[in-house]
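>
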Amino acid sequence: MTGRLDPGITRDMVERAVCPPPPDILCIGAVLWDVIGRTTAPLAPGADMPGRIIRLPGGVAMNIAMTLVRFGLTPALLTAIGRDAEGDTLLAEAARMGMRTDFVHRSDHLPTDRYMAIEGPEGLFAAIADAHSLEAAGDRILAPLADGRLGSDAAPWSGPVALDGNLTPDLLARIAGSPLFAQADLRVAPASPGKAERLLALLGHPKATFYVNLEEACLLCRRRLSDAADATAALLALGARRVIVTDGGRGLADADGNGLVQIRPRAVTVQRVTGAGDTLMAAHLVAERRGIPRDEALAFAAEAAARYVAGETEI
25 MTGRLDPGIT
35 RDMVERAVCP
45 PPPDILCIGA
55 VLWDVIGRTT
65 APLAPGADMP
75 GRIIRLPGGV
85 AMNIAMTLVR
95 FGLTPALLTA
105 IGRDAEGDTL
115 LAEAARMGMR
125 TDFVHRSDHL
135 PTDRYMAIEG
145 PEGLFAAIAD
155 AHSLEAAGDR
165 ILAPLADGRL
175 GSDAAPWSGP
185 VALDGNLTPD
195 LLARIAGSPL
205 FAQADLRVAP
215 ASPGKAERLL
225 ALLGHPKATF
235 YVNLEEACLL
245 CRRRLSDAAD
255 ATAALLALGA
265 RRVIVTDGGR
275 GLADADGNGL
285 VQIRPRAVTV
295 QRVTGAGDTL
305 MAAHLVAERR
315 GIPRDEALAF
325 AAEAAARYVA
335 GETEI
């Protein structure tokens, strides 16, 4: 062998294969299988109705990553996935879509997590999120941010991070004060109303932007709030730097110390709801990355979520 490169292979191609460029954004949190049953018939507790049942990649971090990929970005997943057949298939699907999966923590003893939801004509009827493996993995999912692969205490990651509330309250509290996140553009989602209060420790983070719906805002503030604008004001008063609050088709608001932007999304016929908030968050991040003005960025994100809810966007 002469050590020469094949004429069709450039040195840059070799270097990129050995040392791929850093990801555009880190998606930290739940990556699991969604099992979703949908029916067009009215639902009541105990009802047994005809419908469709699908399985697809899901979890807040995964939903955000899928939207980012559709907009041409390369996200990296920081999560825990079991060394089981379901985990192998899930990671292969993520890599096929264009995500970086080389930073994922694989567990020999924990199964791949799952989420199960039932959706009816009025939207989400009930859901159960089993993220026990992610919670058990703890800060092991953050190892690449400390060991030099993505950053370190001395040179922390300075790009955007999408962080979800499926992590334990203890880990989220440690993230709030960690030097590993001191320079990051932190975008935070609660995962569900049932986990919204886990984010209280992050409210004072100087570089965090929170994406919550009105119900989640009420839980964080521990009182009733009238609309999206009222909710942003209440969360800013609690110490949040910036907040985007959604209130279904009634409107959404983006507020920080520089003012308030409000829009009303277009009305659509609801075809699906699981993942809609994650889609909005990812699209908003993309818009801001492109330098789109604040009011237009909010409208861009609202339209992406509307298209998703209406079934106009491929999953």
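Mapping of the sequence shown onto this note's numbering: residues 25 to 339, in sequence order. Note that CB positions come from ideal geometry on N, CA and C, so glycine has one too. None of these values were measured; they are calculated from a predicted model.
(1) Ordered along the chain, which non-local residues of its own chain (more than five positions away) have a Cβ less than 7 Å from that of Glu240?
(2) Inspect the beta-carbon positions of Ala225 and Ala200 and report whether they are closer than 8 Å.
(3) May I have a chain-ordered list of the beta strand (DSSP E) segments no shorter than 3 residues that lie completely inside the segment 175-211?
(4) If you check the beta carbons only, do Leu97 and Arg124 fall under 8 Å apart?
(5) Would you report the Cα separation of Met37 and Val294, rounded to the nearest angstrom?
(6) State the beta-bridge partners of Pro99 as determined by DSSP.
(7) In three-state terms, what does DSSP make of Phe127?
(8) Three-state secondary structure (DSSP) at Ile316?
(9) Could you say which of Pro99, Thr192, Phe234 lies nearest to Pro45 if we only look at CA atoms?
(10) With DSSP as the reference, label Met140 as helix, strand or coil.
(11) Within 10 angstroms of its Cβ, does His156 collect 16 or more other Cβ (buried), or is it exposed?
(12) Of all the options Ala300, Leu223, Arg246, Ala54, which has the alpha carbon lying nearest to the alpha carbon of Ala153?
(13) Quick check on Asp271: buried or exposed, where buried means 16 or more other Cβ atoms within 10 Å of its Cβ?
(14) Name, in chain order, the residues that DSSP records as bridge partners for Thr270.
(15) For the beta strand (DSSP E) containing Met151, list its first residue and its last residue.
(16) Since Leu244 and Leu260 are thought to touch, with beta carbons under 8 Å apart, how far apart are those beta carbons, to the nearest angstrom?
(17) Leaving out the 5 sequence neighbours to the left and right, which residues in its chain are closer than 6 Å to Ala329 when beta-carbon positions are compared?
(18) Can you give the Cα-Cα distance for Ala334 and Gln207, rounded to whole angstroms?
This is what the structure gives:
(1) Pro214, Pro217, Ala220
(2) yes
(3) 184-188
(4) no
(5) Note that Met37 has pLDDT 47, beneath the 50 cutoff, so the model's placement of it is unreliable and the number below is only indicative. Computed Cα separation, rounded: 45 Å.
(6) Ile49
(7) coil
(8) coil
(9) Pro99
(10) strand
(11) exposed
(12) Ala54
(13) buried
(14) Asn237, Leu276
(15) First, the residue type needs correcting, since residue 151 is Ala and not Met in the sequence shown. Segment 147-154, the beta strand (DSSP E) holding Ala151.
(16) Incorrect: roughly 12 Å between the Cβ atoms, too far for contact.
(17) Ala300, Thr303, Leu304
(18) 37 Å
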